[in-house]
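See below for the structure under consideration.
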Amino acid sequence: MRPQQTLARPFVMEGRGLHTGASVRLSARPAPVHSGLVYVLGGERIPARVPFVTGTQLATTLGVGTQRVSMVEHLGAALYTAGVDNLEIEVEGGEVPVLDGTAGPWVEAIQRAGLLVQAAPVSTLRVRAPLRVEVGESWMEVEPSEQLRLTMGVTFAHPAIGTQHWAGGPADFVAELSWARTLGFFADAERLVAMGLARGASLENTLVFGDEGPLNPGGLRAPDEVVRHKALDFFGDLSLIGAPVLGHFRAWRSGHSLHLALLRKLLEEAAYELV
Ligand SMILES: [Zn+2]
Numbered sequence: 032m033r034p035q036q037t038l039a040r041p042f043v044m045e046g047r048g049l050h051t052g053a054s055v056r057l058s059a060r061p062a063p064v065h066s067g068l069v070y071v072l073g074g075e076r077i078p079a080r081v082p083f084v085t086g087t088q089l090a091t092t093l094g095v096g097t098q099r100v101s102m103v104e105h106l107g108a109a110l111y112t113a114g115v116d117n118l119e120i121e122v123e124g125g126e127v128p129v130l131d132g133t134a135g136p137w138v139e140a141i142q143r144a145g146l147l148v149q150a151a152p153v154s155t156l157r158v159r160a161p162l163r164v165e166v167g168e169s170w171m172e173v174e175p176s177e178q179l180r181l182t183m184g185v186t187f188a189h190p191a192i193g194t195q196h197w198a199g200g201p202a203d204f205v206a207e208l209s210w211a212r213t214l215g216f217f218a219d220a221e222r223l224v225a226m227g228l229a230r231g232a233s234l235e236n237t238l239v240f241g242d243e244g245p246l247n248p249g250g251l252r253a254p255d256e257v258v259r260h261k262a263l264d265f266f267g268d269l270s271l272i273g274a275p276v277l278g279h280f281r282a283w284r285s286g287h288s289l290h291l292a293l294l295r296k297l298l299e300e301a302a303y304e305l306v
């Protein structure tokens, strides 16, 4: 069992929101034991926990009252896999800045700030029984395991993506997942902008596929960059459990809504024990 951890120093990150396109400022500050990851905006404190999820369309959104903070998954994934348990995250703008569309800048900010070991042990959530959720051809399941592990597969009809698989755990995050970019399709761009989404999307923060392949100069960072980003997103959603998890997750064609459906089921059916 490890002790709880926060950051040794605060950090500030400025950038644009992927969906609003507006400029956003985020300040992360060390927080006391047992406080968890908490967003602070408009006078509200929004715990980064499953019951506070208000939306999963393209990004994961948290809310309390009328306040919303969107796109919490990339920062959440970086914090979770680095073992940051307690942090106060103040956001001006309602959306976590997209930066380069990866978790890389968050990993660097966390490494620069350093971890501070705190005077209380962390509770770990151990999955006790297998669970499964499915929607259409997509499914996600979890089974007991002595380690946190993810096995993920995606398939897209697009000729430059096809079927891709990734398997690993939180220790692989920085080297294998943190640099994989947010995925977008050029054919969807107009529709998303008309819906008020993706207004801040650009080739600097999104891996955009045209009819034949990526439109980004330099192309793909790896042939399987798409599944790597989906796995990154999963660790971000898993961070909303609010504790290190021991279990083997398997996913096929999953996304934020399916991730949250399984995590809600895990919590509601109490298919776990805290150790
Ligand atoms: Zn993402």
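Taking my numbering, the leading residue of the sequence shown gets 32, the next gets one more, and so forth. Note that beta-carbon positions come from the ideal geometry of N, C-alpha and C, so glycine has one too. The model shown is predicted, which means the values in this text are computed figures rather than measured ones.
With a threshold of 7 Å (Cβ to nearest heavy atom), would residue i be considered close to ligand 1?
{"i": "T213", "result": "yes"}
{"i": "D105", "result": "One detail in the question is off: residue 105 reads as His in this sequence, not Asp. Yes - ligand 1 has a heavy atom lying nearer than 7 Å to the Cβ of H105."}
{"i": "H260", "result": "yes"}
{"i": "D219", "result": "no"}
{"i": "L289", "result": "no"}
{"i": "D264", "result": "yes"}
Taking 8 Å as the cut-off, decide whether the C-beta atoms of residue i and residue j are in contact.
{"i": "A274", "j": "M171", "result": "no"}
{"i": "L263", "j": "L208", "result": "yes"}
{"i": "V69", "j": "E104", "result": "no"}
{"i": "F266", "j": "T97", "result": "no"}
{"i": "P67", "j": "R80", "result": "The sequence given here has Gly at residue 67, not Pro. The answer is yes: Cβ separation under 8 Å."}
{"i": "L228", "j": "L57", "result": "no"}
{"i": "E123", "j": "V95", "result": "no"}
{"i": "V138", "j": "V205", "result": "yes"}
{"i": "L271", "j": "L294", "result": "yes"}
{"i": "V158", "j": "A302", "result": "yes"}
{"i": "A232", "j": "G215", "result": "yes"}
{"i": "V257", "j": "V166", "result": "no"}
{"i": "G278", "j": "T213", "result": "no"}
{"i": "P245", "j": "A160", "result": "no"}
{"i": "A211", "j": "R180", "result": "no"}
{"i": "R33", "j": "V115", "result": "no"}
{"i": "N117", "j": "A53", "result": "no"}
{"i": "H287", "j": "T91", "result": "yes"}
{"i": "G145", "j": "L38", "result": "yes"}
State the start and end residues of the unbroken alpha helix (DSSP H) segment that holds residue i.
{"i": "I142", "result": "The residue you asked about is not Ile; residue 142 is Gln in the sequence shown. Its alpha helix (DSSP H) spans residues 135 to 144."}
{"i": "R259", "result": "256 to 269"}
{"i": "S288", "result": "287 to 299"}
{"i": "G104", "result": "For clarity, residue 104 is Glu in the given sequence; the question names Gly instead. It spans 104 to 113 - the alpha helix (DSSP H) in which E104 sits, taken as one unbroken run."}
{"i": "E126", "result": "Counting along the chain, E126 falls outside any alpha helix (DSSP H), and DSSP gives it neither H nor E."}
{"i": "R222", "result": "220 to 225"}
Buried or exposed: residue i, going by 16 or more other Cβ atoms within 10 Å of its Cβ?
{"i": "V129", "result": "buried"}
{"i": "G107", "result": "buried"}
{"i": "Q142", "result": "exposed"}
{"i": "V148", "result": "exposed"}
{"i": "P136", "result": "buried"}
{"i": "P201", "result": "buried"}
{"i": "A109", "result": "buried"}
{"i": "D255", "result": "buried"}
{"i": "R284", "result": "buried"}
First and last residue of the beta strand (DSSP E) that includes residue i?
{"i": "V158", "result": "156 to 158"}
{"i": "E172", "result": "169 to 174"}
{"i": "E75", "result": "75 to 78"}
{"i": "S233", "result": "From DSSP, S233 is part of no beta strand (DSSP E); its letter is neither H nor E."}
{"i": "W197", "result": "193 to 199"}
Any chance the CB of residue i is under 7 Å from a heavy atom of ligand 2?
{"i": "V205", "result": "This structure simply doesn't include ligand 2; it includes ligand 1 instead."}
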